[in-house]
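First residue of the sequence shown? That's 15 in the working numbering, and the numbers climb one at a time after it. Idealized CB from N, CA, C, for every residue including glycine.
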Amino acid sequence: MKKILALAAILAFAACRRETAVPADAIYFNGDILTMAGDAPAYIQAVAVKDGKILFAGPKPEAEKFHGEKTVMNDLKGKTILPGFIDAHGHVWNAGFQAVSANLLPAPDGQGNDVAAVISLLNEWKAKNEKAIGKYGWIVGFGYDDAQLKEKLPPTADDLDKVSITVPVIIIHQSGHLAVMNHKALQMAGYNKDSKDPAGGVIRRKEGSSEPNGVLEEMAMFTPLFKMMGSLDHQANEKIAQAGLESYMRFGFTTAQEGRATSDACDTWQKLAKENKLAIDVAAYPDIQTQMSYMKENGVQKKYTDHFRIAGVKLSLDGSPQGKTAWLTKPYIVPPPGQPKTYTGYPAFPKQSDAAALVDSAYANNWQILAHCNGDAAIDEYISAVRHAAELYGKKDRRSVAIHAQTARPDQLDAMKSLGIMPSFFGMHTYYWGDWHRDETLGKERAYRISPAATALKKGMIFTQHHDAPVALPNSIMILYAAVNRTSRSGQVIGADERISAYDALRSITIWAAYPIF
Numbered sequence: 015m016k017k018i019l020a021l022a023a024i025l026a027f028a029a030c031r032r033e034t035a036v037p038a039d040a041i042y043f044n045g046d047i048l049t050m051a052g053d054a055p056a057y058i059q060a061v062a063v064k065d066g067k068i069l070f071a072g073p074k075p076e077a078e079k080f081h082g083e084k085t086v087m088n089d090l091k092g093k094t095i096l097p098g099f100i101d102a103h104g105h106v107w108n109a110g111f112q113a114v115s116a117n118l119l120p121a122p123d124g125q126g127n128d129v130a131a132v133i134s135l136l137n138e139w140k141a142k143n144e145k146a147i148g149k150y151g152w153i154v155g156f157g158y159d160d161a162q163l164k165e166k167l168p169p170t171a172d173d174l175d176k177v178s179i180t181v182p183v184i185i186i187h188q189s190g191h192l193a194v195m196n197h198k199a200l201q202m203a204g205y206n207k208d209s210k211d212p213a214g215g216v217i218r219r220k221e222g223s224s225e226p227n228g229v230l231e232e233m234a235m236f237t238p239l240f241k242m243m244g245s246l247d248h249q250a251n252e253k254i255a256q257a258g259l260e261s262y263m264r265f266g267f268t269t270a271q272e273g274r275a276t277s278d279a280c281d282t283w284q285k286l287a288k289e290n291k292l293a294i295d296v297a298a299y300p301d302i303q304t305q306m307s308y309m310k311e312n313g314v315q316k317k318y319t320d321h322f323r324i325a326g327v328k329l330s331l332d333g334s335p336q337g338k339t340a341w342l343t344k345p346y347i348v349p350p351p352g353q354p355k356t357y358t359g360y361p362a363f364p365k366q367s368d369a370a371a372l373v374d375s376a377y378a379n380n381w382q383i384l385a386h387c388n389g390d391a392a393i394d395e396y397i398s399a400v401r402h403a404a405e406l407y408g409k410k411d412r413r414s415v416a417i418h419a420q421t422a423r424p425d426q427l428d429a430m431k432s433l434g435i436m437p438s439f440f441g442m443h444t445y446y447w448g449d450w451h452r453d454e455t456l457g458k459e460r461a462y463r464i465s466p467a468a469t470a471l472k473k474g475m476i477f478t479q480h481h482d483a484p485v486a487l488p489n490s491i492m493i494l495y496a497a498v499n500r501t502s503r504s505g506q507v508i509g510a511d512e513r514i515s516a517y518d519a520l521r522s523i524t525i526w527a528a529y530p531i532f
């Protein structure tokens, strides 16, 4: 595959050289211009650009052949220039939703460091967004994290009632897999003491009671949240989408992913594309469980049209380790309140055959599939499903992806390699939740192996690294920092043996990230 990528780079370079008659809009020179071609850093002297695309990359005298009357000469003055970053996994619309909601993230990305601060931030947002609240009827916050809150516990419905008792309030956990509602929102969702936990979700209860305490896990959260989002009009959807694009672009991303997309989200991106409002590429992966009919009607689009295409499908097999909902083969070190010491999280699909049937459908339709699987039990389920689907429909070049693959064991990496499954690691966890995983969720041994990028390299695999926005900000430099250093918030190294070089980290968000999206 490396030979193929190198050949593609040579052909592209040769094609650029034939364009010498075309004057460039700009020429960049006098800096560290890194091509990302090859197994070691390769630098060139200059890049010539026309209409946002590279005309030529190479020696400065050759680049100057593209100099025209209107060409702008950009002296980099020693700065570094890189190819545009590719979002290996994220949710660009949800990143926009995060941007327009109350920012409840803890330091260093926000000020939500205790429950009182969360309440204060929500009230501040409420005062500034009366018009939006009046129109859409909700108070929304994003990014609380009980792992970082002073109390080490999530807010409750009683806490959120301090923001409002007449307007529904919902705050979404930084992982995107849990939420808290006030009593008004719980009432609107139909959750009460008689409500049963939905399949693949949990309604947390007040201690010693069956009364909901406001905290909702997985499908218990997604169902009312999707209903709320479905009530947004086109104007709101487009505003949120543009906010997401802006968030991505300021961190250097030129390709964004819409992971686990709804048909409404796809329609929004399609509309913006037709109106020429997409400055970067958006690759959408509709949720295969809920958007099957949409996919059968629209299918996968191999090429972008005005910067948008449906690239494949997304499947979610478990939750998040930081939220203690990821599905593990061995118990959590400290289980959530009310759970036994044997608690290992849980699958998104109580019946393994249901998940396997969806993977079969993707292979039958030749749709690329991205599967969210954080816990090693969920990874086992995905490997088994892919093996079964490949036996039925053959090993074509589908480029299936294991999203997050955080607790992947060495034997699972071997299986992925043989089946053509590419891992996309969430190495930023080592910074944001490294201490939490060591002390609360996985214990030292498993925590130090989380997102095992170096092990994958030793096995001859390529991989990607991602930010999973809005779980984290779409911060490209933080992706690189975490993959290279694996340093936690407290300054502890979380698995020194799994650190990778700066160049390999860069490859994971450039040339290697180009591979799974063809």
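Query, Result
"Classification of Q336 by the beta-carbon crowding that lies within 10 angstroms, buried from 16 upward", "buried"
"Host beta strand (DSSP E) of T268 (start-end)", "F267 to A275"
"Inter-residue Cα distance where the pair is F236 and D123", "25 Å"
"For K210 and A257, the rounded distance between their alpha carbons", "37 Å"
"Cα-Cα separation between L565 and G52, rounded to whole angstroms", "Outside the modelled stretch of the chain, which goes from 15 to 532, sits residue 565, for which no answer is possible."
"Whether T421 touches D390 by CB criterion (8 Å)", "yes"
"Start-to-end residues for the beta strand (DSSP E) that takes in K365", "Segment: none, K365 is in no beta strand (DSSP E) and carries neither H nor E."
"Inter-residue spacing [alpha-carbon to alpha-carbon] between A109 and P75", "42 Å"
"S115 burial status per 10 Å Cβ neighbour count (16 or more: buried)", "buried"
"Opposing strand residues paired with S438 [DSSP bridges]", "I417 and T478"
"Extent of the continuous beta strand (DSSP E) run through D89", "V86 to D89"
"Cutoff 6 Å; reference V348; Cβ partners in own chain excluding five residues on either side", "E454"
"Proximity of H443 and R274 at Cβ, strictly below 8 Å", "no"
"Min CB distance P226 to chain D below 8 Å", "In the displayed structure, chain D is absent; only one protein chain is listed."
"Residue range of the beta strand (DSSP E) that includes D46", "A40 to L48"
"Three-way DSSP call (helix, strand, coil) for Y158 in this model", "strand"
"Backbone secondary structure at L384 - three-state DSSP", "strand"
"Cβ pair G215, E232 closer than 8 Å", "yes"
"Beta-carbon proximity check, A371 vs S330, cutoff 8 Å", "no"
"Uninterrupted alpha helix (DSSP H) stretches inside the region 299-326 (no shorter than 4 residues)", "306-312"
"Element boundaries [beta strand (DSSP E), containing K64]", "Y57 to K64"
"Rounded straight-line distance, which links the Cα of S502 to that of I133", "27 Å"
"Contact under 8 Å by Cβ, I302 with T269", "no"
"Distance CB(A38)-CB(T85) smaller than 8 Å", "yes"
"Minimum length 4: unbroken alpha helix (DSSP H) runs contained in the region 70-148", "74-77, 106-114 and 129-142"
"Start and end residues, beta strand (DSSP E) containing L192", "L192 to M195"
"Supposed close pair V194, P169 - CB separation, criterion 8 Å", "5 Å"
"Integer-rounded CB distance, given that G92 should sit under 8 Å from G45", "6 Å"
"Delimiting residues of the beta strand (DSSP E) encompassing G228", "P226 to E232"
"D518, DSSP secondary structure in three states", "helix"
"Candidates N388, T524, Q188 and D394, of which the one nearest I491 by Cα", "T524"
"S115 CB to nearest heavy atom of the ligand HEM below 7 Å", "This structure lacks the ligand HEM, and indeed carries no ligand of any kind."
"V181 in three-state terms, based on DSSP", "coil"
"Residues of its chain near R219, where Cβ-Cβ distance is below 7 Å and the 5 sequence neighbours each way are ignored", "E225, P226 and N227"
"A293 - DSSP class collapsed to helix/strand/coil", "coil"
"Beta-carbon gap between A171 and L200 smaller than 8 Å", "yes"
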